[in-house]
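Peer 1: Take 72 as the starting number for the sequence shown in our numbering and just add one per residue. We treat Cβ as the ideally placed atom computed from N, Cα and C, and that holds for glycine.
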Amino acid sequence: MYLPASGWDKMGSSLGFLSDASRWDNDDLDQDKIARGYVYIESSDVMVKKKRMQLLVQLLNPHFSQKIKVYHDPLAGETASIGIAGVKVAGGLDKSYYVKKESAKAAVRLKKKDYSDEFRGFYSSCKTVSKMEPKWKEFATHVHAYATKCN
């Protein structure tokens, strides 16, 4: 299901490569609608605490979601941000996302505070990404590198 974008599409809009169509490789989605600002909502199994539930979730990485799908966590807090005259200059990142690797049965919540501990295990099948620094602000870069540079 495609819906018009709202104000919280920070992850997608913050990545410069999303405007470079030569890097898009997901033929499963209607890229024209995504390029026009629509968001993609899909049904997925999600682990909420210890319960597996089927939910409608917003896919945040529609252009490179074959290996890892990143879903918006509606209950996620934000990191502290600095703004000048109402314009955010730094910070304001979501503190968690739901992520689902291609082999997983359900998406799990990945939190900022646990990212450095879970980083090596999460990306263990990709040497390119596992050598990177496990910084939360680079999460989108890690997911994109995993999707494009790993088997």
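Would you list the residues sitting across from S115 in a DSSP beta bridge?
Peer 2: Partner(s): L126.
Peer 1: Note down the Cα distance separating S174 from S195, rounded to an integer number of angstroms.
Peer 2: About 14 Å.
Peer 1: Could you please give the first and the last residue of the uninterrupted beta strand (DSSP E) stretch that includes Y168?
Peer 2: That run of the beta strand (DSSP E) goes S167 to K172.
Peer 1: Could you name the residues that DSSP lists as bridge partners for I155?
Peer 2: BP columns for I155 point to V158.
Peer 1: Using CA atoms only, rank isn't needed, just tell me which of G163, L130 and R191 is closest to S201.
Peer 2: Ranking the options by Cα distance to S201, first place goes to R191.
Peer 1: For S93 and A106, I'd like the C-alpha separation in whole angstroms.
Peer 2: Because S93 carries a pLDDT of 44, less than 50, the predicted location of this residue cannot be relied on, and no value is offered for it.
Peer 1: Within its chain, find whatever has a CB closer than 6 Å to the CB of W207; leave out the 5 residues flanking it on each side and keep chain order.
Peer 2: If we look at W207 and ignore the five residues flanking it on each side, its Cβ neighbours are K183 and Y186.
Peer 1: Applying the 10 Å Cβ sphere with the 16-neighbour rule, what's the burial state of I139?
Peer 2: Buried: at least 16 other Cβ atoms inside 10 Å.
Peer 1: Please say whether Y142 and A178 have beta carbons closer to each other than 8 Å?
Peer 2: Yes, they are a contact pair.
Peer 1: Does DSSP classify E204 as helix, strand or coil?
Peer 2: If DSSP states are grouped into helix, strand and coil, E204 belongs with coil.
Peer 1: Around the C-beta of P133, are 16 or more other C-beta atoms found within 10 angstroms, so that it is buried, or is it exposed?
Peer 2: Label assigned to P133: buried.
Peer 1: Whole angstroms is fine: what's the gap from T219's alpha carbon to T212's?
Peer 2: For T219 and T212, the distance between alpha carbons rounds to 11 Å.
Peer 1: Residues in its own chain within less than 6 Å of K172 by CB, not counting five upstream and five downstream?
Peer 2: For K172, where only same-chain residues beyond five positions count, the Cβ hits under 6 Å are I139.
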